[in-house]
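Residue numbers (our numbering), protein chains in the order written: chain A, 111 to 214; chain B, 5 to 584. By construction, the Cβ of each residue, glycine as well, lies at the ideal position given by its N, Cα and C atoms. All values derive from a computational prediction rather than experimental measurement. Below is one structure, written out as structure tokens; comments come after it.
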Amino acid sequence: MNLVKETFVTESTEAIRSVTVRDREGLHARPVMRFVDLAQRFKARVTVRNASLKGEPVDGKSAMQMMLLEATQGSVLEIHTRGVDAESAAQALSDLVEKGFQLS
Amino acid sequence: MEILRGISVAPGVVIGEAVVLDAADYRIPFRTVGPADLPRELEKLDHAFSLSVNELGKQTEWLNAHLGRDAANVFDWHLGVLKDERLRSSIETLIREQNAAAAYAASTVMRNYQRRFMQMSDPLLVERIRDVQDIERRLLRHILGEAREDLSHLSKPVVLVAHDLTPTQTAHLTSTKVLGVALDAGAATSHTAILLRSLGRPGVIGLGDVSTRVSAGDTVILDGTNQIVITNPSVATLEEYKAREAAYVRFTSELSELKDLPAETRDECRVELLCNIEFPHESAIGLAKGGDGVGLYRTEFLFLRHETTPSEDEQYEAYKEAILGAGGKPVTIRTFDLGADKYTQQRSYDQERNPMLGLRSIRYSLQHLDMFKVQLRAILRASEHGRVKVMFPLINSLMEFRQARMTLHDAMEDLEDLGRHVRGEVPVGMMLETPAAAIQVKEFCREVGFISVGTNDLTQYLLAVDRGNERVCQLYSPAHPAVVRTLRDVIRACTRAGIECSLCGEMAGQPLFTLLLLGMGLRKFSMAPANIPEVKKLIRLATISQAERVARRALSFDTELQVTNYLTDETRKLLPEDPI
């Protein structure tokens, strides 16, 4: 008897990144908008969670939800992406946070 | 006819029709609708979002073009929220699932968000509440579709009457149709006050409930010079004020002729008139008005322009601009006076119970040495462009001054290590604005390079009055004998010690007090550039012996009222027709 193990590989991939917020003012208006604008360029679903506050994941493409993240300096954020371009989305977004938002 | 008293933030007299801005809540007509009306409510919502996004886009463009990127940046997040699909769908869900009216649904969702921000511990996030309120208001305006006061479509000149001004509303002050502003709130953001002063329009705040006493269309007299607002004036009063309005216009043009003449009394005593500035470009304005330099550069306003702490380079550029604008005349830079009613309190969630007695000003700086040193380095670097003096605010003890001065030397060393030599000497002084400092003035005279008296705060602390509190602000008066005597003692101590003493509080720019201060020995006055011509005119008409006589008499009185009446009479003798 052949046990055929079928692995359903969907089109989507997933990626997770953990980043620390560097800026002294945390994620305030300008950084939030830069993050959201960037996230919206990707097809993947983006959720972000404030691991430091053990928070629930929020929609990374939502300006309001990202502000409600309460991301302050030192907060560890978990960026979770799902979709065809999950990998590049996760990389781009984590780079943005890593670099700090001072250079605008 | 009613006469309401307040606090002036900008001088001048205007007569106009009132436009009353809604304080807070739009009246939401009903909460739920019948199921058949749901599609219409959804459409209303959709339409309101489009209109809001459109309107905001245009406003951002306008702000960008007229006031620069920083003013426009405020709205980036607003726009992001209005385009936020999750937000929109949560409102739509409320409409569909609970038969809610569009206005009610939008308001409910937005207020829920406001509540969530209120619960946060990060001080900076609290400011977002005002943003969300602003966005809510905008949406509601479009959903309800009523003819609300829209400042961008004023057809005639008006006097703005409101409880307070939101960021959106402040942006409209530059419209030529806004003649002046009258507010209930006792503490206008300095941004409002500065904008009004630089536009030459009167503003009176702390009126308590003017927004409830005036209806749209009422004739209103806004007397920023005498700190009053008159609603529905009688015919006689209106005539009188029309004459005053005309006189004020003549007066301001006369004054511009004084620009190049020295501030010298009739018996040839030279007095220095300097200016108080908040923004770098104002130093050039002060020079144009005939000032002898910048007596006070309030650097904390750099925070109003930037959402983040301004970097060393950003600060350097600002200081450099201010110094160059002064054309070789001295510029006294005051280190950050943050806290109390300013920037940090607005942004602080955990608001101090007593901000005036709390972590503000030099105390704040000494507890945030990194930030302090960044500022000091920027100032030292900029000092090569002109004659710079550094001043520490709210110095209350010798230890504090020594610590601050030591930090300045550390900053100097930092620069030396980087190979940047600070050329010349930068005099270091203090603002004297607390009772303790006044009492110890002799000791301070031995340590500091110069002293500048900050009468605004000094008066508040001496009289134990918060001038931003509408309920007691009338108790605030620099004419109170306790204040006057303290000033006499301070000026005398400085004169005897050979330490340069200037006065940079509002009192310096008020002609009512010029003779008194001159007579007590003050020779350096620092004021808003707009006040320089007026004070200069008075000085040129006075003699020192006359001023000394006035001071002696004023010091003999027991009450503030006697002092004020006496000074008014004496000043009138020299300026019979001018608004005092």
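Asked, Found
"Nearer than 7 Å: is that true of the beta carbon of residue 390(B) relative to any heavy atom of the ligand GTP?", "Here there are no bound small molecules, and the ligand GTP is not part of this structure."
"Buried or exposed: which applies to residue 319(B), given that a residue is buried once 16 or more other Cβ atoms fall within 10 Å of its Cβ?", "buried"
"Residue 175(A) versus chain B: which residues are under 9 Å apart at the beta carbon?", "88, 90 and 91"
"How big is the Cα-Cα spacing for residue 269(B) and residue 275(B)?", "8 Å"
"For residue 400(B), count the other beta carbons within 10 Å of its own beta carbon; 16 or more makes it buried, fewer makes it exposed. Which is it?", "buried"
"Out of curiosity, what's the CA-to-CA distance linking residue 432(B) and residue 503(B)?", "12 Å"
"Give me the Cα-Cα distance between residue 43(B) and residue 135(B), rounded to the nearest whole angstrom.", "29 Å"
"Per DSSP, which one or two residues make a beta bridge with residue 279(B)?", "298(B) and 531(B)"
"Are residue 149(A) and residue 81(B) close, meaning C-beta to C-beta below 8 Å?", "no"
"Between the C-alpha atoms of residue 464(B) and residue 470(B), what's the straight-line distance to the nearest angstrom?", "6 Å"
"Closest by CA to residue 187(A), which one among 124(A), 137(A) and 161(A)?", "161(A)"
"Cutting at 8 Å between CB atoms, please list the residues of its own chain near residue 197(A), excluding the five before and the five after it.", "123, 125 and 191"
"Going by the CB atoms, is the gap between residue 209(B) and residue 187(B) shorter than 8 Å?", "yes"
"Would residue 106(B) and residue 49(B) be called neighbours here (beta carbons separated by less than 8 Å)?", "yes"
"Find the nearest neighbour of residue 380(B) within the set 395(B), 123(B), 120(B) and 440(B), judged by alpha-carbon distance.", "395(B)"
"Note down, in chain order, every chain A residue with its Cβ under 7 Å from the Cβ of residue 126(B).", "136, 180 and 182"
"What's the call for residue 70(B), buried or exposed, on a 16-neighbour Cβ count within 10 Å?", "exposed"
"Specify whether the region 386-395 of chain B and the region 353-372 of chain B touch according to this definition: at least 3 beta carbon pairs, one from each stretch, less than 8 Å apart.", "no"
"With 8 Å set as the bound, which would you pick, yes or no: does the beta-carbon of residue 116(A) sit closer than that to a beta-carbon of chain B?", "Note that residue 116(A) scores 44 on pLDDT, short of 50, meaning its location in the model is unreliable; the coordinates nonetheless yield the value given after this. By this cut-off, residue 116(A) is not an interface position."
"Please say whether residue 526(B) and residue 508(B) have beta carbons closer to each other than 8 Å?", "no"
"Compute the distance between the beta-carbons of residue 167(B) and residue 189(B), then report whether it is under 8 Å.", "yes"
"Below 8 Å on the Cβ atoms is my contact criterion, and I expect residue 294(B) with residue 263(B) to pass it. Report the Cβ-Cβ distance as a whole number of Å.", "4 Å"
"Could you pull the start and end residues of the beta strand (DSSP E) that residue 18(B) belongs to?", "17-24"
"Three or more C-beta pairs under 8 Å: does that hold for the region 560-569 of chain B against the region 475-486 of chain B?", "yes"
"Quick one: which chain A residues come within Cβ less than 7 Å of residue 85(B)?", "173 and 174"
"According to DSSP, is residue 2(B) helix, strand or coil?", "The first residue shown for chain B is 5 and the last is 584, placing residue 2(B) beyond what the model contains."
"Can you round the beta-carbon distance between residue 559(B) and residue 496(B) to whole angstroms, since I take them to be within the 8 Å contact cut?", "Rounded, the Cβ-Cβ distance is 11 Å, inconsistent with contact."
"With a threshold of 8 Å on Cβ separation, who are the neighbours of residue 193(A) within its own chain once the five nearest residues in sequence on each side are excluded?", "122, 123, 152, 153, 154, 155 and 199"
"Mapping the DSSP letters down to three states, classify residue 146(B) as helix, strand or coil.", "helix"
"Report, in whole angstroms, the separation of the C-beta atoms of residue 546(B) and residue 578(B), which I expect to be a contact under 8 Å.", "6 Å"
"Is residue 340(B) helix, strand or coil by DSSP?", "coil"
"Is the region 118-131 of chain B in contact with the region 58-67 of chain B, if contact means three or more CB pairs nearer than 8 Å?", "no"
"CB-CB under 7 Å to residue 95(B), same chain, minus the five flanking residues each way: which ones, in chain order?", "49, 109, 110 and 113"
"Distance check for residue 247(B) and residue 480(B), CA to CA, integer angstroms please.", "30 Å"
"Using a Cβ-Cβ cutoff of less than 8 Å, which residues in the same chain neighbour residue 370(B) once the five nearest sequence positions on both sides are dropped?", "376, 404, 407, 408 and 411"
"Exposed or buried, which one is residue 102(B) when buried takes at least 16 other CB atoms within 10 Å?", "exposed"
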